[in-house]
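Undergrad:
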Amino acid sequence: MLTLHRPRRSIGFSEECLGLHYGHIHDADLGDGLGRKPEQFLGRQHYFPIAGTCWESVRGGHHFRAWKQNGTDADSGAWFLGASEEMDSRNNHMIVDDGYNRGRDYIVARVTQITHWKGMWWKGEVEWREGLLERGARGESPLSPLSLSMCGWVLGVGCWVLMKVLWDSAGVNHGIEQDGRVAILTIKRL
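Letter by letter, the sequence shown follows residues -18 to 171 in this note's numbering.
Below you can see the structure in the form of structure tokens.
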């Protein structure tokens, strides 16, 4: 079965710098019956082969947080990504203006190209959905197991849903507006 880890390396993302995490762990409710659960992976833009994510930690760039939908109410196996573009460490890694849309679009652009890593080749397709996420900076997410049932995993095919936004009790984190578009990515190993 395809995992998140192999294709994400082919699109230029890797683990955090030296495996260390100093930021917040974010929670998400994927409508799968498990309630809010902490992120299971944080991928940072990997600028170059050695310590590439360390450079992203200093310089800023793209990153995503990921959760796998695998509860008893919806066991699709889909990975949900909250993607964004962030500022450098001097600016406390704040999200750039339009950073949620830019983060999502950056990942979509990379995934829909033919990519490779360690002899494995990947290509993704994107389906854009509206109505799964309210646009704006104070939106609510009507994500439900039914709306996400289109994401299944079969041999060699994976589905990533780019939520691109994380909520707190006041709405979208950092009050940054987003356009409400959700990218559903189906990734195939070639």
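Just so you know, even glycine gets a beta-carbon here, dropped at the ideal spot from N, CA and C.
Taking Cβ to Cβ, would you say residue 34 is nearer than 9 Å to residue 66?
TA: On the sequence shown, position 53 is the one that residue 34 refers to. On the sequence shown, position 85 is the one that residue 66 refers to. Going by C-beta atoms, residue 34 is not nearer than 9 Å to residue 66.
Undergrad: Assign residue -10 to one of two classes, buried (16 or more other C-beta atoms within 10 Å of its C-beta) or exposed (fewer than that).
TA: Position 9 of the sequence shown, counting from 1, holds the residue named residue -10. The residue in question, residue -10, is buried, as its Cβ has 16 or more Cβ neighbours within 10 Å.
Undergrad: Suppose you measure from the CA of residue -13 to the CA of residue 23; what does that come to, to the nearest Å?
TA: Against the sequence shown, residue -13 aligns to sequence position 6. Against the sequence shown, residue 23 aligns to sequence position 42. The straight-line gap from Cα to Cα measures roughly 14 Å.
Undergrad: Cα separation between residue 85 and residue 161?
TA: Mapped onto the sequence shown, residue 85 falls at position 104. Mapped onto the sequence shown, residue 161 falls at position 180. Cα to Cα, the separation comes out at about 11 Å.
Undergrad: Who pairs with residue 219 in a beta bridge, going by DSSP?
TA: Here the chain comprises residues numbered -18 to 171, so residue 219 is not present and cannot be evaluated.
Undergrad: Does the count of Cβ pairs from the segment -2 to 15 and the segment 44 to 55 closer than 8 Å reach three?
TA: Yes, the segment -2 to 15 is in contact with the segment 44 to 55.
Undergrad: Does DSSP classify residue 37 as helix, strand or coil?
TA: Start at 1 with the first residue of the sequence shown, and residue 37 comes out as number 56. In the structure shown, residue 37 sits in a helix (DSSP, three-state: H, G or I).
Undergrad: How is the beta strand (DSSP E) around residue 63 delimited, first residue to last?
TA: Reading the sequence shown from its first residue, position 82 is the one you call residue 63. Its beta strand (DSSP E) spans residues 60 to 67.
Undergrad: According to DSSP, what are the bridge partners of residue 93?
TA: Translated into the one-based positions of the sequence shown, residue 93 becomes position 112. None; residue 93 has no bridge partner.
Undergrad: Could you spell out where the beta strand (DSSP E) holding residue 26 opens and where it closes?
TA: Taking the sequence shown and counting its residues from 1, the one referred to as residue 26 is at position 45. Unbroken beta strand (DSSP E) run through residue 26: 22 to 26.
Undergrad: Taking contact to mean at least 3 C-beta pairs separated by less than 8 Å, is the segment 48 to 61 in contact with the segment 87 to 95?
TA: No: fewer than three Cβ pairs fall under 8 Å.
Undergrad: Does the separation of the CB atoms of residue 108 and residue 165 fall below 9 Å?
TA: On the sequence shown, position 127 is the one that residue 108 refers to. On the sequence shown, position 184 is the one that residue 165 refers to. Yes; because the gap between Cβ atoms is below 9 Å, this pair is in contact.
Undergrad: Mind checking who residue 32 pairs with in its DSSP beta bridge?
TA: Along the sequence shown, read from residue 1 onward, the residue named residue 32 stands at position 51. Residue 32 pairs with nothing; no bridge assigned.
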